[in-house]
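So that you can map any letter, position 157 of the sequence shown is 156 in numbering that gives the first Met the number 0, and since no number is skipped, the others follow by simple counting.
Note that CB positions come from ideal geometry on N, CA and C, so glycine has one too.
Structure first, then comments.
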Amino acid sequence: MEAGALLIFALLVLFAFLGLGVWATVKVVGAAKRGVDRTITQARRTVEDTTLKAKSIGQVGVTGALAQLRLDLRTSMRATQQALYQGVQTDSSLRESIGLFERLSAHGHELDDELKRLEQEPDRKRIADSLPDLRERTAKITQAADSLRWAARDRARQFSEDDLDVLSAQIEVESGALRDWSRQSVDDLTAAAAAWDAQQGAQGAVPGAAGAAPEAGQGQAARGGESRPAALNPAAPAARYPWQKAPRPETTT
Numbered sequence: 000m001e002a003g004a005l006l007i008f009a010l011l012v013l014f015a016f017l018g019l020g021v022w023a024t025v026k027v028v029g030a031a032k033r034g035v036d037r038t039i040t041q042a043r044r045t046v047e048d049t050t051l052k053a054k055s056i057g058q059v060g061v062t063g064a065l066a067q068l069r070l071d072l073r074t075s076m077r078a079t080q081q082a083l084y085q086g087v088q089t090d091s092s093l094r095e096s097i098g099l100f101e102r103l104s105a106h107g108h109e110l111d112d113e114l115k116r117l118e119q120e121p122d123r124k125r126i127a128d129s130l131p132d133l134r135e136r137t138a139k140i141t142q143a144a145d146s147l148r149w150a151a152r153d154r155a156r157q158f159s160e161d162d163l164d165v166l167s168a169q170i171e172v173e174s175g176a177l178r179d180w181s182r183q184s185v186d187d188l189t190a191a192a193a194a195w196d197a198q199q200g201a202q203g204a205v206p207g208a209a210g211a212a213p214e215a216g217q218g219q220a221a222r223g224g225e226s227r228p229a230a231l232n233p234a235a236p237a238a239r240y241p242w243q244k245a246p247r248p249e250t251t252t
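In structure tokens form, the structure reads like this:
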């Protein structure tokens, strides 16, 4: 019975590991696919922008005008999208601006698709007649996108300046506190040093008053030593300084 329960438990653990492995594989494959898609999209975008730049510079007339309108539109919309989506990571109030930008993006995509179709239109005169309206629509969209982008940047710069002002004020207060602490510490150390010097001077005056007592004691000890036998008072060895060499013992042959 116990062996069967252990076998069932082992199978459940095995299936759990297998399921986890399949899930991890799917996640990895999905992430890799998204990475490849982003790379392909970015590469396609780069190629298309390069083509539009070449057309706007190298061609004149309707073709060059359409390419320049598409390039202006795409550049403005992409810069605004990047500014808003980066700014919302630190400022959640930009979410409403992102909602407005998404609505603006719908008009931008519609105009870009129309301009792209007109590049293949053989009736150049009709396109030339519609260019004023296309320029006006492009200007409206790019101006709205630029307004959102610069407003977001001005807001971020203002927040940064306000934070810098607050930080500067706090640093000034802290610096003043540190300077007060330094003067107080110096005054305390000076007072402590003066008190120590006074205490040492008071202690040095006491031994001088009783200086005769040791001399009297030494005289009594000397007189007592004179009455002792010579064997009890051997002569003290001559003093030898550290830089003198010790005498060598004499050798007898």
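If you follow the alpha helix (DSSP H) that V87 is part of, which residue opens it and which one closes it?
Segment: none, V87 is in no alpha helix (DSSP H) and carries neither H nor E.
Looking only at its chain, what residues have a beta carbon closer than 7 Å to the beta carbon of T141, apart from the 5 residues adjacent to it on each side?
Short of 7 Å from the beta carbon of T141, and not among the five residues preceding or following it, lie these beta carbons of its own chain, in chain order: D71, L72 and S75.
C-alpha gap between V61 and A82, whole angstroms:
In a straight line, the C-alpha of V61 is about 32 Å away from that of A82.
Can you check which of these residues, K115, F100 and F8, is closest to R69 by C-alpha distance?
It is K115 whose Cα lies nearest to the Cα of R69.
Three-state class that DSSP yields for V21 in the structure shown:
V21 carries a helical assignment under DSSP once its states are collapsed to helix, strand and coil.
First through last residue of the alpha helix (DSSP H) which encompasses D122:
Taken as a continuous stretch (DSSP letters only), D122 belongs to no alpha helix (DSSP H), as it is neither H nor E.
Taking buried to mean at least 16 other C-beta atoms within 10 Å of its own C-beta, is V93 buried or exposed?
The sequence shown places Leu at residue 93, not Val. Taking every protein chain shown into account, the CB of L93 has 16 or more other CB atoms within 10 angstroms, so this residue is buried.
Could you compute how far the alpha carbon of T50 sits from the alpha carbon of D122?
Spanning the two alpha carbons is a distance of roughly 22 Å.
Ordered along the chain, which non-local residues of its own chain (more than five positions away) have a Cβ less than 8 Å from that of L99?
Result list for L99: L147, in chain order.
Just how far apart, CA to CA, sit D145 and A151?
Taking the straight line joining both Cα atoms gives about 10 Å.
Span of the alpha helix (DSSP H) holding G107?
Unbroken alpha helix (DSSP H) run through G107: R94 to L117.
Buried/exposed call for I170, threshold 16 Cβ in 10 Å:
Counting Cβ neighbours within 10 Å, I170 comes out exposed, since fewer than 16 surround it.
Find the nearest neighbour of H108 within the set L130, R136 and A127, judged by alpha-carbon distance.
If we check each option's Cα against that of H108, R136 comes out closest.
Let me confirm a value: G86 is counted as buried when at least 16 other C-beta atoms fall within 10 Å, else exposed. Which label applies?
Counting the other Cβ atoms within 10 Å of the Cβ of G86 gives 16 or more, which makes it buried.
On a CA-only basis, which of Q88, E47 and Y84 is nearest E101? Give me that one, please.
For E101, the closest alpha carbon among the candidates Q88, E47 and Y84 is that of Y84.
Can the beta-carbon of L65 be found closer than 8 Å to that of L103?
Their beta carbons are not under 8 Å apart, which means L65 does not touch L103 by this criterion.
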